[in-house]
Ligand SMILES: Nc1nc2c(c(=O)[nH]1)N[C@H]1C(S)=C(S)[C@@H](COP(=O)(O)O)O[C@H]1N2
Ligand SMILES: [Mo]
């Protein structure tokens, strides 16, 4: 490759990357100025999430797990960078209009993605618009410098090859080449430095819109209706010797066993949001409308004026595999939905409660489930704190007994009563069942699969885990040791209601050292055994016995 050709490519790459990142930096600055605006990378990524076929999504989740969002954002940025280098090469080769055109089209895709998001405003379109204009300006300003610098890298430029060259001419050429190269280098450095500064400034300014500070200062009223105590007389119950009074009776406190209440920082998170919505309480409204006699609009203060209940409720994701950890139990505080819906006056035939979040996600739950007396609630607190932003601050839904994808709307702003057949929530057209009652399931936490299990102080082997059949309760848990065909009863920790998971344990004393295998199964409150399966998560939740191998 000639010097000139490779110089041209490198200049094109540098120019393109600079124009791309300067544009993204300018967009970032706008996000620090306009509330609700986001980097164009996010709405574009969001569109990709919404339009890719479910198989691709499953594949991405399989490969990247909960890092799938980071991978998507990185992929979008890398694609922009690749397009940028092509644009830069067009510009350096004199095809500047083509470079502008491609940049403009990329910008339009960004604007289009914003218009596809809910509540899109002109302000939210500013990041892609300003970003694109800045990218174009960078090309306009830097491309001529790049072209000159490329020309200067070619010793034959402007001269007949082999022509008579005086020493003086050589001198002049070297100087002007040096000036041309310096011109591009200085321009590029200036743009690069400005992009870093502007982007950084945007980041800092954007921090103003975070709800962390107001959340920390938020003082929630005490619940008027607190959790019932643990019924120690329930069959099979061992009152667990937890040291913490709040969890008395519910937690065996065994090493390696997930605690009865999962701390907020460890609670699983599943949603389609690429950036956590920041919803200040002052701007939050809940509209209850559709097939109701009285439309209701509530502010956060209105909500707090209503009686607040406190309940332990286990939340599970339909995508939780056998033995998986997309399930957790928390102590929620909130306002019961049933009474709220009674005030709104649900009309006959309104068989579906559709809830929508500020980011446009939606789901539908059967009205009969929400109003059958269970503690379906608009939750405002999780484990004694206002909801963490990633778990739905300031208000989310929690419905005991339904998988999250058909009930647990975070950042909820709208509840619409409609007919079951008139609307499908976000996941339904994407291949998931319209109804999602939580299936009975048991999990072994200790031992971990493939590990050694150490003896407890008294020489027994402690095998332990969790079982849930949310809203029906767990009445019995059994384990099978080494495919013996014999199922042994486990001890069950206490629970305040049927809406939570239950810790179980088995103390194995008559074991032989060596390799073992243990399998678990649970029965719901009606004595119904969990489905044998095995069945994968789609379309309505996994079924089957969890089993682990270990050595003693
Ligand atoms: N706004 C919004 N709410 C949502 C979702 C979502 O994607 N967006 N995902 C749902 C799903 S699939 C589950 S399992 C639960 C998870 O709640 P968590 O992240 O607090 O554990 O939230 C539900 N609520
Ligand atoms: Mo989920």
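Numbering (this note's numbering), first residue to last: 16 to 567.
Where is the CB? At the ideal position from N, CA and C, for every residue including glycine.
Everything numeric in this text was worked out from a predicted model, so none of it was measured.
Beta-carbon separation (whole angstroms), residue i vs residue j, contact threshold 8 angstroms
i	j	result
residue 475	residue 519	Not quite, the Cβ-Cβ distance comes to about 15 angstroms (not below 8 angstroms), so this is no contact.
residue 534	residue 494	7 angstroms
residue 133	residue 52	Between residue 52 and residue 133 the Cβ distance is about 14 angstroms, and since that is not below 8 angstroms, they are no contact.
residue 214	residue 100	Rounded, the Cβ-Cβ distance is 19 angstroms, inconsistent with contact.
residue 561	residue 458	5 angstroms
residue 420	residue 375	15 angstroms between Cβ atoms; not a contact.
residue 327	residue 512	7 angstroms
residue 552	residue 335	7 angstroms
residue 293	residue 224	5 angstroms
Start-to-end residues for the alpha helix (DSSP H) that takes in residue i
i	result
residue 124	111 to 131
residue 293	Premise fails: residue 293 is in no alpha helix (DSSP H) and is neither H nor E.
residue 227	227 to 232
residue 101	83 to 107
residue 74	69 to 79
residue 65	56 to 66
Cβ shell of residue i (< 8 angstroms), same chain only, five flanking positions each side left out
i	result
residue 229	295 and 296
residue 88	56, 57, 60 and 289
residue 218	43 and 47
residue 239	322, 323 and 324
Bounding residues of the beta strand (DSSP E) (the contiguous stretch that carries residue i)
i	result
residue 29	Here residue 29 belongs to no beta strand (DSSP E); instead the alpha helix (DSSP H) covers 18 to 46.
residue 6	The requested residue 6 is not part of the displayed model; the chain covers only 16 to 567.
residue 459	456 to 461
residue 370	367 to 372
residue 561	561 to 566
residue 394	392 to 397
residue 543	Premise fails: residue 543 is in no beta strand (DSSP E) and is neither H nor E.
residue 508	506 to 508
residue 413	411 to 413
Per-residue DSSP class, three states only, for residue i
i	result
residue 386	coil
residue 523	strand
residue 379	strand
residue 420	helix
residue 486	coil
residue 556	coil
residue 444	coil
residue 235	coil
residue 263	coil
residue 495	strand
residue 223	helix
residue 177	Confidence in residue 177 is poor, its pLDDT being 47 and thus under 50, which makes the residue's placement too unreliable to answer from.
residue 537	strand
residue 429	strand
residue 404	helix
residue 211	helix
residue 467	strand
residue 196	helix
residue 477	strand
residue 15	With the chain covering only 16 through 567, there is no way to say anything about residue 15.
residue 242	coil
residue 530	strand
Sequence-distant residues of its chain with Cβ nearer than 6 angstroms to residue i (five each side left out)
i	result
residue 145	41 and 45
residue 23	107 and 165
residue 105	113 and 114
residue 84	289
residue 313	301
residue 391	352, 385 and 414
residue 37	149, 153, 206 and 210
residue 282	343
residue 174	With a pLDDT of 47 at residue 174, under the threshold of 50, the modelled position of that residue is not reliable, and the figure given next carries that caveat. If we look at residue 174 and ignore the five residues flanking it on each side, it has no Cβ neighbours.
residue 371	377 and 429
residue 176	With a pLDDT of only 46 at residue 176, under 50, the local geometry of the prediction cannot be trusted, and no value is derived from it.
residue 272	460, 461 and 479
residue 537	455, 457, 482, 489, 492 and 545
Neighbour flag for residue i against chain D, beta carbons, 8 angstroms
i	result
residue 545	The chain inventory of the structure shown lacks chain D, comprising one protein chain alone.
Same chain, Cβ closer than 7 angstroms to residue i, neighbours up to 5 away in sequence not counted
i	result
residue 554	446, 447 and 448
residue 203	29, 33 and 157
residue 278	398
residue 178	A caution first: residue 178 carries a pLDDT of 48, below 50, which makes its placement in the model too unreliable to give a value.
residue 510	245, 265 and 517
Fully enclosed by the stretch 306 to 364, which alpha helix (DSSP H) runs are 4 residues long or longer? 315 to 319 and 352 to 359
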